[in-house]
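Enquirer: Protein chains in written order, with the numbering used here: chain U, 50 to 588; chain X, 171 to 328; chain Y, -2 to 218.
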Amino acid sequence: MPKLTINGQEIEVEPGTTIIQAAQVAGIEIPHYCYHPDLPVDGNCRMCLVEVERMPKLAISCATLATEGMVVHTNNDRVKESVRGVLEFLLVNHPVDCPVCDQAGECRLQDYYMVYGLHTSEIPLEMKVRKQKVVDLGPMVVLDQERCVLCSRCIRFFDHVTHTGEMQFFGRGDHVAIGTFENRPLDNPYSGNVVDICPVGALTSRDFRFKCRVWFLNSTDSVCGGCSTGCSMRIDHRDGTVFRLLPRRNPEVNKSWLCDEGRMSFHELAAGERVRRPMIKGRDGMQAPVVWEEAVRSVDSKLKEIRDNHGAGSILGFASPSATNEALFLFKQYMAGQVGVTRFEFRADSEDKSVTEQEDNILRRVDKHPNSMGAIKLGLVSKEFGGIEGAIESAREGKLRAGVIIYFKPLVRRPTDEEAESRVAELIRAVEYSVVLAAHKTDWLAEASVVLPVTAWSEENGSYTNYQGRVQLARRAVTPAGDMRPVWQVFALLLAVSGADISWSTAADVFESLTETEPAYRGITYDEARLPGALVADI
Amino acid sequence: MIQFNEEAMRQYQAILKRYPEKRPALIPVLILAQKEFGWISQEVAEYVGSLMGYPASDVLSVATFYTMLRKKPVGKYHMEICRNVSCWLMGTYPCVDEIKRRLGVEAEEITEDGKFSWNLTECLGSCGTAPAMQVGDRYYENLTPESVGEIIEKLAND
Amino acid sequence: MKKTPKVVNVADRAREEASVAKEILGPLVGMKLTLTRMVENMTGKVDPTIRYPEERRAYSDRYRGAHILTAREDGSPRCVACYMCATACPADCIYIEPGEHPDPLIEKYPTRFEIDMLRCVFCGFCVDACPEEAIIMSRETEICAFGRGETIWGIDRLMKRPELPEFGLGYRPNKELVDSRLAFVPKEKVQKRLAGRVTMKEDVEMIPHVTFDPLKESEKR
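Shown next, in the form of structure tokens:
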């Protein structure tokens, strides 16, 4: 385990660590463009120069291994001057695009210039080399060749992560330009990642283009709700509108990447009308809005009535594999604990089989729900029914009379969605009394006996369990307009109305109860569930 | 559809045999492609890429690095006149003027009949016989405006 | 050594020191300044009052009045919607919506640019922040409206309001506009009439069309 000294600080690192990684461990930031922890080292930008004692020239810290007894200086005058020189070269032909460039505010040329540069350009504007601007590289990416600093991160991404080799350098000298063959659009489901890794505004997001300046945005840590991979991500929003989703680096789940569909998944939330108020179907067959208190009391008494008349086996608890762990936990607490329900299901489309099934060999999984594993670990599977079809059958036979159904539409669409949704609709029609917790309006929602409006992904605090069984926290970013409640809060209300002793006021409190009660989740703390997330027990 | 004919295919296989790995063979293969197709167009780059198993962008990236791998079509006789020190001192530019007068095209433009194009190039290593120019694999040395005119006439009649 | 206070009997002192002359002249002496000023005003030697609106004060070349959005050669706004002004504004009164410009060398332009003139504090930070010389200020102070809706000025009003030529340019980065020009349609040249002067002051700017001209007025009647 080599011990080395960086800026007077002594640290010990694993063998095979480069100086830049060692500096990160020590909390020291070394400026860099081409280095990326999830891409092979290139060493072409020369920004990460450091002085290593007894080496005659400055060394690039991304490609120099940390060795025993090394003494490194990252911010003495010699290093600062060299970095400044590199920056000056990079800025020679860089266009003065800051007012129109989307990267402003998170641009590493800007940031490093303010720290290391602050020099005046020696090159008049007319002499700068001109290249192509505003080139469309597909629906996700816009290219501006002039802004490129030739760090080759995008090239290495397409070579080594997606193995499609779409981008390359063309030309030589100061006419080198980045691009695709014949400016063809990028045609792979991970193209949005190059926008993240580009340190300057050469590759920008078409979806986010000009929408908002980044310094107006607030960031919230969250988990993608697109599929069971559960990539760690960050929601950038302002005043209740989500503008973009960015990945957070999680070496255990998604490294630094997000798939394009997950990146765009927040648009699906805004599409379609929301359910805003609790509704109860009256004797005339029409749903009418009620206040929460009335809705909850009505549901509790009606469910207990059905249980008393027909037995607890006549009620089905149908969970959604998109609901949070907290929601599913309280769902179970109420249904099993208070009403005595024994029959639970969550599978509308064999999610238990597809939860670990890969859709490609990079990130995506076939199961487009973020919490199928959570539903499985919490035991919301029925061997008896084997899925929703069995439940529908049972309801048609008259054995199932009531159902409490949580339904969230998937954020990443597939052709099989319509069929899965229609099965849920069938289930609601087949039972006599149905309580549906939904976020978005559907045409079959009017047939439910009770509709309770709930918040969807990014609108509530909660945790999801991904395909690995890893619990990760998703925080609330926006609050929708209307009388929606988080699903866990609905069941907390039901528990309260039913007479149980409740003491939860936040999702964190519910999480604590969950980890105390459920064997699979025992021992996981809220802090552990942040990055990179904590694994549940193998049950 | 662009592809190598039999003879070119044989030469391609011979090139591959010269190198233990495939990647270094890319440049000789591109030179071969240029001989066959005249210039490295987008289709040629795509073809070479599919032939060797590399993405077209990779092939084009290598092609755009080198000036002698032409990315624009040229005439049947492409004249490259040296513009470096010796030739320049010995009178390249009067020859260039004569070429321009005779052909009526600027550098890198092709004449109407598709026969001629020209551009200036770097030192051909023929400084003792300056000014010099290269047409294909052939050097023409000790140029004067008159001799350049004769050369053009001779090539035009070929 | 502590000074012993002097003991004074006020009634005695009045009897000893008072006189009629003192009573009359005293206030006059004290009011010397006031009376001098009064006489100066009455004789017209001094006239600090500006009789607005016939007379206007001459504002400096850097006066911060109502905003102007400058134009390019073709008349479109110079602004590239970079949000520097909106970010710098301490009153949060600038609202911009950007759009994609067809020319890749310009790339971005504002589809909406609105300043809420009632929120604006006329600090000039927006002019300081702008990197494109796209927003400057004039010497116009007369912002009036028939309702609050009219006080939110959009691109048209900021670029081309008819009152612009009268007031002149104020706070701006360069004395002569470097890359931009004004978009307003200049009115016909107005003859400067020496209207009936109601003041003797030299440095008061007379705005021709609003200055009262007694000759013309009497002709009308």
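In this text, a Cβ means the ideal position worked out from N, Cα and C, and glycines have one as well.
Hey, quick one: how far does the alpha helix (DSSP H) through Ile172(U) stretch, first residue to last?
Expert: Position 123 of the first sequence, counting from 1, holds the residue named residue 172(U). Neither: Ile172(U) is in no alpha helix (DSSP H) and is coded neither H nor E.
Enquirer: Which stretch, first to last residue, makes up the alpha helix (DSSP H) that contains Arg308(X)?
Expert: Position 138 of the second sequence, counted from the first residue, corresponds to residue 308(X). Counting along the chain, Arg308(X) falls outside any alpha helix (DSSP H), though it belongs to the beta strand (DSSP E) covering 308 to 310.
Enquirer: Provide the residue span of the beta strand (DSSP E) that contains Pro264(X), from first to last.
Expert: Against the second sequence, residue 264(X) aligns to sequence position 94. Unbroken run through Pro264(X) is the alpha helix (DSSP H), 262 to 273; no beta strand (DSSP E).
Enquirer: So, is the C-beta of Gln407(U) closer than 9 Å to a C-beta in chain X?
Expert: Taking the first residue of the first sequence as 1, we reach residue 407(U) at position 358. By this cut-off, Gln407(U) is not an interface position.
Enquirer: Which residues of the stretch 203 to 221 of chain U have a Cβ closer than 8 Å to any Cβ of chain X? Give them in chain order.
Expert: Answer set for the stretch 203 to 221 of chain U: Thr213, Gly214, Glu215, Met216, Gln217, Phe218, Phe219, Gly220, Arg221.
Enquirer: To which residues does DSSP link Leu584(U) through a beta bridge?
Expert: In the first sequence, the residue the question calls residue 584(U) occupies position 535. Note: Leu584(U) sits in a beta bridge opposite Arg519(U).
Enquirer: How about Ala376(U) and Val536(U): do their beta carbons lie closer than 9 Å?
Expert: For the purposes of this step, residue 376(U) is identified with residue 327 of the first sequence, where counting begins at 1. For the purposes of this step, residue 536(U) is identified with residue 487 of the first sequence, where counting begins at 1. Cβ distance < 9 Å, so Ala376(U) and Val536(U) count as in contact.
Enquirer: Is there contact here, the stretch 101 to 116 of chain Y with the stretch 132 to 148 of chain Y, by at least three beta-carbon pairs under 8 Å?
Expert: Taking 8 Å as the limit for Cβ pairs, the verdict is that the stretch 132 to 148 of chain Y does touch the stretch 101 to 116 of chain Y.
Enquirer: Quick one: list the residues of chain U neighbouring Gln212(X), beta-carbon separation under 9 Å, in chain order.
Expert: Residue mapping note: residue 212(X) aligns to position 42 of the second sequence, counting from 1. Those are Phe230, Glu231, listed as they occur along chain U.
Enquirer: According to DSSP, is Lys205(X) helix, strand or coil?
Expert: Counted from its first residue, the second sequence places residue 205(X) at position 35. In this structure, Lys205(X) counts as helix in the three-state DSSP scheme.
Enquirer: Please state if the CB of Thr314(X) and the CB of Leu290(X) are separated by a distance shorter than 9 Å.
Expert: As a first step, residue 290(X) is located in the second sequence; it is residue number 120 there, counting from the start. As a first step, residue 314(X) is located in the second sequence; it is residue number 144 there, counting from the start. No, these two residues do not count as a Cβ contact at 9 Å.
Enquirer: Short check: CB of Phe315(U) to CB of Arg287(U), under 9 Å?
Expert: Locating residue 315(U) in the first sequence gives position 266, where the first residue counts as 1. Locating residue 287(U) in the first sequence gives position 238, where the first residue counts as 1. Contact: no.
Enquirer: Using a Cβ cut-off of 9 Å, pull out every chain B residue sitting near Pro87(Y), in sequence order please.
Expert: Reference to chain B is not applicable here, since the protein chains of this structure are U, X and Y.
Enquirer: Taking only the alpha-carbon atoms, compute the straight-line gap between Arg571(U) and Leu88(U) and give it to the nearest angstrom.
Expert: Taking the first sequence and counting its residues from 1, one reaches residue 571(U) at position 522. Taking the first sequence and counting its residues from 1, one reaches residue 88(U) at position 39. Each residue's alpha carbon lies about 36 Å from the other.
Enquirer: Spell out the partners DSSP gives Asn299(U) in its beta bridges.
Expert: In the first sequence, counting from the first residue as 1, residue 299(U) sits at position 250. According to DSSP, Asn299(U) bridges with Lys304(U).
Enquirer: Count the other CB atoms, across all protein chains shown, that sit within 10 Å of the CB of Gly518(U); report buried if there are 16 or more and exposed otherwise.
Expert: Here residue 518(U) corresponds to residue number 469 of the first sequence, with the count starting at 1. Buried: at least 16 other Cβ atoms inside 10 Å.
Enquirer: Return helix, strand or coil for Pro535(U), following the three-state DSSP convention.
Expert: Here residue 535(U) refers to the residue found at position 486 of the first sequence. It is coil, neither helix nor strand.
Enquirer: What does Thr84(Y) reach in chain U if we use C-beta pairs closer than 9 Å?
Expert: The residue labelled residue 84(Y) in the question sits at position 87 within the third sequence. Result: Arg262, Trp264, Phe265.
Enquirer: Along the stretch 106 to 135 of chain Y, what residues have a CB closer than 8 Å to any CB found in chain U?
Expert: Listed by position along the chain: Pro128, Glu129.
Enquirer: Whose C-beta lies closer than 7 Å to the C-beta of Val214(X) among residues of the same chain, with five residues either side of it excluded?
Expert: Within the second sequence, residue 214(X) is the residue found at index 44, counting from 1. Correct list, in chain order: Ile172, Ala203, Phe207.
Enquirer: Given that a residue counts as buried once 16 or more other Cβ atoms are within 10 Å of its Cβ, and exposed if not, what is Glu408(U)?
Expert: For the purposes of this step, residue 408(U) is identified with residue 359 of the first sequence, where counting begins at 1. So Glu408(U) ends up on the buried side.
Enquirer: Under the criterion of a Cβ to heavy atom distance below 8 Å, does Lys106(U) qualify as lining the ligand FAD?
Expert: Absent from the structure shown: the ligand FAD. Ligands present: none.
Enquirer: Counting only beta-carbon atoms, is Phe235(X) nearer than 9 Å to chain U?
Expert: Indexing the second sequence from 1 puts residue 235(X) at position 65. Answer yes: the Cβ-Cβ gap between Phe235(X) and chain U drops below 9 Å somewhere.
Enquirer: Closer than 9 Å between beta carbons: that is the criterion. Which residues of the stretch 67 to 84 of chain Y meet it against chain U?
Expert: Within the stretch 67 to 84 of chain Y, the qualifying residues are Val77, Ala78, Cys79, Tyr80, Met81, Ala83, Thr84.
Enquirer: With 9 Å set as the bound, which would you pick, yes or no: does the beta-carbon of Pro194(X) sit closer than that to a beta-carbon of chain U?
Expert: Sequence index remark: in the second sequence, residue 194(X) carries index 24 (1-based). No, Pro194(X) does not count as interfacial toward chain U.
Enquirer: So with CB distances below 8 Å, who are the chain U contacts of Leu230(X)?
Expert: Numbered from its first residue, the second sequence carries residue 230(X) at position 60. Within chain U, the residues near Leu230(X) are Gln217, Phe219, Phe230.
Enquirer: State the start and end residues of the unbroken beta strand (DSSP E) segment that holds Gly27(Y).
Expert: Position 30 of the third sequence, counted from the first residue, corresponds to residue 27(Y). Where Gly27(Y) is concerned, there is no enclosing beta strand (DSSP E), although the alpha helix (DSSP H) it sits in stretches over 17 to 27.
Enquirer: List the DSSP bridge partners of His248(X).
Expert: Here residue 248(X) refers to the residue found at position 78 when the second sequence is read from its first residue. For His248(X), which the question treats as bridged, DSSP gives the partners Ser287(X).
Enquirer: What residues in its chain sit with their C-beta under 7 Å from that of Glu137(Y), if we drop five residues either side in the sequence?
Expert: Your numbering for residue 137(Y) matches position 140 in the third sequence. Cβ within range, chain order: Gly62, Ala63, Glu160, Phe164.
Enquirer: Would you verify that the beta carbon of Tyr224(X) is, or is not, closer than 9 Å to some beta carbon of chain U?
Expert: Counting from 1 along the second sequence, the entry for residue 224(X) is found at position 54. Interface residue, yes.
Enquirer: Can you look up Met171(X) in the DSSP assignment and give me helix, strand or coil?
Expert: For the purposes of this step, residue 171(X) is taken as the residue at position 1 of the second sequence. Correct three-state label for Met171(X): coil.
Enquirer: If contact means a Cβ-Cβ distance below 7 Å, which residues of the stretch 127 to 152 of chain U contact chain Y?
Expert: Flagged, chain order: Pro148, Val149.
Enquirer: Going by the CB atoms, is the gap between Gln217(U) and Pro225(X) shorter than 9 Å?
Expert: Looking up residue 225(X) in the second sequence gives position 55. Looking up residue 217(U) in the first sequence gives position 168. In contact: Pro225(X) and Gln217(U) (Cβ atoms closer than 9 Å).
Enquirer: What's the call for Gln382(U), buried or exposed, on a 16-neighbour Cβ count within 10 Å?
Expert: Stepping through the first sequence from its first residue, residue 382(U) is reached at position 333. Buried, because 16 or more other Cβ atoms sit within 10 Å of the Cβ of Gln382(U).
Enquirer: Under 7 Å Cβ-Cβ, which residues of chain U neighbour Pro95(Y)?
Expert: The residue you call residue 95(Y) lines up with position 98 of the third sequence. The contacting residues are Phe259.
Enquirer: Chain Y partners of Ala182(U), CB-CB under 9 Å?
Expert: Mapped onto the first sequence, residue 182(U) falls at position 133. Checking the sequence shown, residue 182(U) turns out to be Lys, not Ala. The contacting residues are Pro101, Leu102, Glu104.
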